[in-house]
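Participant: Sharing a structure below in structure tokens format, with a few things to ask.
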Amino acid sequence: MPNLDRRQFLNLSAALGATLVWGCASVQRSSSGWRERRDLYPQGVASGDPDHNSVLLWTRRPYADGRERAKLWVEVADDPAFTRVIATATAPVLAQADWTCRVLVADLPSAGEYWYRFVDEDGNGSRIGRTLTAPAPDDPRPARFAFVSCQSLPEGAMNAYRKMIFEDERAAPHERLGFVLHLGDFIYEVVQYPEQVGQGGKRYDRTITFPVKKFADGRAVANNRFMVPGSLDDYRALYHAYLSDPDLQDARARWPFVAMWDNHEFSWLAWQSIQVFPGEAAPIPAQSLKVAANQAWFEFQPMRVTPPGRQIDTFEAPHVVDTPVTTFDDTGLGLEPNNIAAIESLIAYRALRWGRHIDLIITDQRSFRGPDLSDRAELGPLFEGQPFSFFPETLSMQLDGGRDFADGHPPEKLVFGDRSIANYAATEPAQSMLGAKQKAWFLERLRSATATWKIWGTSLGTPDWRIDPQHMPTAMGEWTDGYAVLANGDWGGVYHERGQIFDVVRDAGITGFAIVAGDRHSFWAGLAAKALPPAKFEPVGVSFVGGSIS
């Protein structure tokens, strides 16, 4: 990765919606008059997406005196006492950006440890944050990172972060984490308030805390079980609440994060800009909410992602109208213009390099995936009255492969036990998580990666969900359909596209291929292969899934 000059960094910071801070030619003692006032910076500080000579910094400093903008002073030092300040600049905070501030600090030495803080015009300062730059691309030092996902504030504590901090503070410097990869569900947009939970607001024999204020524009879904956001301010309220958690806030202040969304940053069962809820028969066009969710994510996650318009300091939301999506391309991408505009309001898939040993390639599994062919009403007659709640594996593969199943020879019927229906998937394209454009980008990044480890960061796990119900107790009913799958909502059920990716890894001779993922709320480890025995078993790498934070 080449070093960028000042002009190139200016262009980059503009594209990222950030103010540029350039490293100083000489170091000096801080003269800001900083005094810590954490109450004025209620969501703390954060840093993100470090490379070998720059990193993004973030804070939120809200004002309630009627002003529309203010100015902060940011300081970066190479010591925690700020006796050696190496970069300073002013940065605006705007009401229209919910008072969030994004700063790109450039021209930093590689593999460095830095401390940063923000100060307002009255000397009131944020807490001090710590961040790191990546080693240079040819630096052979070992790389260490953690990957996390799935943190529901009403459901449980985030003290996994406290354990991580405890261990990292006591580790030898060369054994400390370089960054934290967050693989989605940073927030959960589905919220249950006490009156929806029942039993006095208790679940799991304990009382749930409700730190999320009532949505101003939300609505009840899933037979009144949950409230979901209805506006940008509702999504912002979720980030306000989540970032008030002390363990999460301390983790963001200790390490740079590298983040990708999953589904709950927008909507539970959504695909592209379309919402789907249990108990509601029709998909709901929600282009305006997809844009709102993307804007809130951009405002609260300091990542190297490009918003529309490439405006410094703010997200320029495109005008969209909530419109049904009825036409699709060959990967299931809805071609309706408002759908495309909503999806492209923020492109978050990207790649980072960490020294000689890591090429991290991060994909977006939610914005481009097609509608789920296994969630169609036509399947009802196959499953009605069945004693089992899982899919035959062959049926899952047929639905996923669509017209491309069996090299373009899908069966005329879908069969489960002694029942069958017409194969409605036979005229549909194979399911896609990535869409054509992102998949082409991803495969090219894989082919061109040169680090020891080519790590695919995906919010959704890739191991198969296979189970073998053929020898279950007869009291549960007789199973005659071979292997089964417990679920098919992630890469474990997207056999066709996953197989295409793994074939590229095999055919291109890519070594050091590893996958890290979240979402399953459980821990998995295994070999990455497109098929399990008795089919041909060809592992091309290793695959890991991490459990949930909460």
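Our numbering puts the first residue of the sequence shown at 6, with every later residue one more than the last.
Just so it is clear, CB atoms sit at the ideal spot from N, CA and C, and this is done for glycine as well.
Between the alpha carbons of E180 and W63, how many angstroms are there, rounded?
Facilitator: To locate residue 180, count along the sequence shown from 1; it is residue 175. To locate residue 63, count along the sequence shown from 1; it is residue 58. Using only the alpha carbons, I get a separation of about 26 Å.
Participant: Chain B beta carbons: is any one of them nearer than 7 Å to that of T479?
Facilitator: Absent from the structure is chain B; it holds one protein chain and no more.
Participant: Buried or exposed, going by whether 16 or more other CB atoms sit within 10 Å of the CB of H269?
Facilitator: Position 264 of the sequence shown holds residue 269. The residue is buried, with at least 16 neighbouring Cβ atoms inside 10 Å.
Participant: Could you have a look at R40 and say whether DSSP puts it in helix, strand or coil?
Facilitator: Here residue 40 corresponds to residue number 35 of the sequence shown, with the count starting at 1. Residue state, collapsed to three classes: strand.
Participant: Whole-angstrom Cβ separation of A513 and R452, contact assumed at under 8 Å?
Facilitator: Numbered from 1 along the sequence shown, position 508 holds the residue referred to as residue 513. Numbered from 1 along the sequence shown, position 447 holds the residue referred to as residue 452. So it is a contact: roughly 5 Å between Cβ atoms.
Participant: For M481, count the other beta carbons within 10 Å of its own beta carbon; 16 or more makes it buried, fewer makes it exposed. Which is it?
Facilitator: The residue labelled residue 481 in the question sits at position 476 within the sequence shown. By the 10 Å Cβ count, M481 comes out exposed.
Participant: Assign Q48 to one of two classes, buried (16 or more other C-beta atoms within 10 Å of its C-beta) or exposed (fewer than that).
Facilitator: Here the question's residue 48 lines up with position 43 in the sequence shown. By the 10 Å Cβ count, Q48 comes out buried.
Participant: Take V510 and list the residues in its own chain whose beta-carbon comes closer than 6 Å to its own, dropping the five residues that flank it on each side.
Facilitator: Looking up residue 510 in the sequence shown gives position 505. The answer, listed in chain order, is F518 and V545.
Participant: Quick one: using the 10 Å Cβ neighbour count with 16 as the cut-off for buried, is V153 buried or exposed?
Facilitator: Position 148 of the sequence shown, counted from the first residue, corresponds to residue 153. Under this definition V153 is a buried residue.
Participant: Return the Cβ separation of W302 and L351 in integer angstroms, given the expectation that the two are a contact with Cβ distance under 8 Å.
Facilitator: What you label residue 302 is simply residue 297 of the sequence shown in a count that begins at 1. What you label residue 351 is simply residue 346 of the sequence shown in a count that begins at 1. Contact holds; Cβ gap of about 7 Å.
Participant: Could you pull out every residue in the same chain whose Cβ sits closer than 7 Å to the Cβ of M1, ignoring the five residues on either side in sequence?
Facilitator: This structure cannot settle anything about residue 1, because the visible part of the chain is limited to 6 through 555.
Participant: Is the Cβ-Cβ distance between S555 and S157 less than 7 Å?
Facilitator: What you label residue 555 is simply residue 550 of the sequence shown in a count that begins at 1. What you label residue 157 is simply residue 152 of the sequence shown in a count that begins at 1. Yes, they are a contact pair.
Participant: How would you write the range of the beta strand (DSSP E) that D364 sits in, first residue to last?
Facilitator: As a position in the sequence shown, residue 364 is number 359, starting the count at 1. From DSSP, the beta strand (DSSP E) with D364 extends over I363 to I367.
Participant: Going by beta carbon distance, what residues of the same chain come within less than 6 Å of F507, once the five residues before and after it are set aside?
Facilitator: Start at 1 with the first residue of the sequence shown, and residue 507 comes out as number 502. Around F507: K535 and V545.
Participant: Who are the Cβ neighbours of R66 in its own chain at under 8 Å, not counting the five residues just before and after it?
Facilitator: If you number the sequence shown from 1, residue 66 lands on position 61. So the list reads L45, Y46, A75, L77, V98, W104, C106, F123, D125 and S131, once near-sequence residues are dropped.
Participant: Per DSSP, what are the beta-bridge partners of V233 in this structure?
Facilitator: Here residue 233 refers to the residue found at position 228 when the sequence shown is read from its first residue. V233 pairs with R224.
Participant: Per DSSP, what are the beta-bridge partners of N129 in this structure?
Facilitator: Taking the sequence shown and counting its residues from 1, the one referred to as residue 129 is at position 124. Bridge partners of N129: R40.
Participant: Taking only three categories from DSSP, how would you classify V510?
Facilitator: Looking up residue 510 in the sequence shown gives position 505. Of the three classes helix, strand and coil, the one that applies to V510 here is helix, per DSSP.
Participant: Please go through the segment 375 to 438 and give each complete alpha helix (DSSP H) segment of 4 or more residues, from N-terminal end onward.
Facilitator: Taking only runs of at least 4 residues, the alpha helix (DSSP H) segments lying wholly in the segment 375 to 438 are 385 to 388, 398 to 406 and 410 to 413.
Participant: Write down every uninterrupted run of the alpha helix (DSSP H) in the segment 469 to 528 whose length is 4 residues or greater and which is fully enclosed by it, in chain order.
Facilitator: Listed in chain order, the complete alpha helix (DSSP H) runs (minimum 4 residues) inside the segment 469 to 528 are 500 to 512.
Participant: Alpha helix (DSSP H) containing F447: first to last residue?
Facilitator: The count along the sequence shown starts at 1 and reaches residue 447 at position 442. Note, F447: alpha helix (DSSP H), G440 to S453.
Participant: Apply the 10 Å Cβ neighbour rule to N344 and answer buried if 16 or more other Cβ atoms are within range, or exposed otherwise.
Facilitator: As a first step, residue 344 is located in the sequence shown; it is residue number 339 there, counting from the start. Label assigned to N344: buried.
Participant: Expressed to the nearest angstrom, what Euclidean distance is found between the alpha-carbon atoms of S37 and S52?
Facilitator: Residue 37 sits at position 32 when you count from the first residue of the sequence shown. Residue 52 sits at position 47 when you count from the first residue of the sequence shown. When rounded, the distance between both Cα atoms is 21 Å.
Participant: Identify every residue that forms a DSSP beta bridge with V310.
Facilitator: As a first step, residue 310 is located in the sequence shown; it is residue number 305 there, counting from the start. Paired residues: none, contrary to the question.
Participant: Determine the extent of the beta strand (DSSP E) in which A96 is found, giving its start and end residues.
Facilitator: Position 91 of the sequence shown holds residue 96. Element bounds for A96: V90 to L99.
Participant: Report buried or exposed for R224, applying the criterion of at least 16 other Cβ atoms within 10 angstroms of its Cβ.
Facilitator: Taking the sequence shown and counting its residues from 1, the one referred to as residue 224 is at position 219. Label assigned to R224: exposed.
Participant: Within the same chain, show all residues whose beta-carbon is closer than 8 Å to that of D117, passing over the 5 residues directly before and after it, in chain order.
Facilitator: Here residue 117 corresponds to residue number 112 of the sequence shown, with the count starting at 1. As written in the sequence, residue 117 is Gly, which differs from the Asp given in the question. Cβ neighbours of G117 beyond the five flanking positions: D83, L137 and T138.
Participant: In chain order, what are the residue ranges of uninterrupted alpha helix (DSSP H) at least 4 long that sit wholly in the segment 324 to 348?
Facilitator: For the segment 324 to 348, whole alpha helix (DSSP H) runs of length 4 or above, ordered along the chain, are 342 to 348.
Participant: For R107, which three-state DSSP category applies?
Facilitator: One-based indexing of the sequence shown puts residue 107 at position 102. In this structure, R107 counts as strand in the three-state DSSP scheme.
Participant: Label L439 either buried or exposed according to how many other C-beta atoms from any shown protein chain fall within 10 Å of its C-beta, with 16 as the threshold for buried.
Facilitator: Counting from 1 along the sequence shown, the entry for residue 439 is found at position 434. Classification of L439: buried, given that the 10 Å Cβ count is 16 or more.
Participant: Consult DSSP for V296 and reduce its assignment to one of helix, strand or coil.
Facilitator: By 1-based counting over the sequence shown, the position of residue 296 is 291. Three-state result, V296: helix.
Participant: What are the residues that DSSP puts in a beta bridge with L357?
Facilitator: The residue you call residue 357 lines up with position 352 of the sequence shown. According to DSSP, L357 bridges with L365.
Participant: Spatial neighbours of K418 within its chain, please: CB distance less than 8 Å, with the 5 preceding and 5 following residues excluded, ordered by chain position.
Facilitator: By 1-based counting over the sequence shown, the position of residue 418 is 413. Correct list, in chain order: S425, I426, A427 and N428.
Participant: Measuring CA to CA, which of P434, R358, A291 and Q443 is closest to P342?
Facilitator: Numbered from 1 along the sequence shown, position 337 holds the residue referred to as residue 342. Cα-wise, what sits closest to P342 is A291.
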